[in-house]
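Using the UniProt record's numbering, the letters of the sequence shown correspond one by one to residues 1 to 125.
Idealized CB from N, CA, C, for every residue including glycine.
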Amino acid sequence: MAIYAGIDLHSNSNFLSVVDSAGKIIEKRKLANDVQAILHPLAAYRDQLQGIAIESTFNWYWIVDALMDEGYRVHLANPAAIQKYSGLKHSDDASDAAWLAEMLRLGVLSEGYIYPKRNVRSGIC
Numbered sequence: 001m002a003i004y005a006g007i008d009l010h011s012n013s014n015f016l017s018v019v020d021s022a023g024k025i026i027e028k029r030k031l032a033n034d035v036q037a038i039l040h041p042l043a044a045y046r047d048q049l050q051g052i053a054i055e056s057t058f059n060w061y062w063i064v065d066a067l068m069d070e071g072y073r074v075h076l077a078n079p080a081a082i083q084k085y086s087g088l089k090h091s092d093d094a095s096d097a098a099w100l101a102e103m104l105r106l107g108v109l110s111e112g113y114i115y116p117k118r119n120v121r122s123g124i125c
């Protein structure tokens, strides 16, 4: 079964939502911005996980780098190009994370480019 994840990232915490191939939320939780705290719940879905959508915020790079280093397929969501679904009944961290995962599942996620670490760190862009 295909699984998709969305992470709504904030300065000191994040909200993880995991959806199945039908769009049903199978896990949701608030986590500390700690690599191990994020990797632990994702490990249960590693073999089925098709991708992780993370909203491009001022602090996205550390989590994207860590997840990519662990072999996860990461998608950097472009918030300027994403419109809220008018049918959403709630607007909070949980629904934002689920919406990121759902857009990834549907193949309609507007993405930003993730430069390779070696280019960014060496100043070559």
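- Ala43 and Ala80 have their C-alpha atoms some 30 angstroms from each other.
- For Gln36, the enclosing alpha helix (DSSP H) has its first and last residue at 35–43.
- DSSP, reduced to helix, strand and coil, places Arg118 within a helical segment of the structure shown.
- When C-alpha distances from Ile114 are compared across Val18, Glu55, Leu104, Glu27, the shortest belongs to Glu55.
- Around Ala37, the same chain offers Leu31 as residues with beta carbons nearer than 8 angstroms, after the five sequence neighbours per side are excluded.
- The beta carbons of Ile7 and Gln50 sit no closer together than 8 angstroms.
- Around the beta-carbon of His40, fewer than 16 other beta-carbon atoms lie within 10 Å, marking it exposed.
- In the displayed model, Glu111 falls within a strand according to three-state DSSP.
- Scanning its chain for C-beta atoms nearer than 6 angstroms, with the 5 sequence neighbours on each side dropped, one finds around Val74 the residues Ile52, Val64, Leu67, Met68, in chain order.
- Taking Arg105 as reference, the option from Ala77, Trp62, Arg118, Asp92 with the minimal CA-CA separation is Ala77.
- Exclusion of the five residues before and after Ala98 leaves Gly6, Ser17, Val19, Ile25, Lys28 as the residues of its chain whose Cβ lies within less than 8 angstroms of its Cβ.
- Between the beta-carbon of Leu9 and that of Thr57 there is about 5 angstroms, and that keeps the pair under the 8 angstroms contact cut.
- The straight-line gap separating the alpha-carbon atoms of Trp62 and Ser110 is approximately 20 angstroms.
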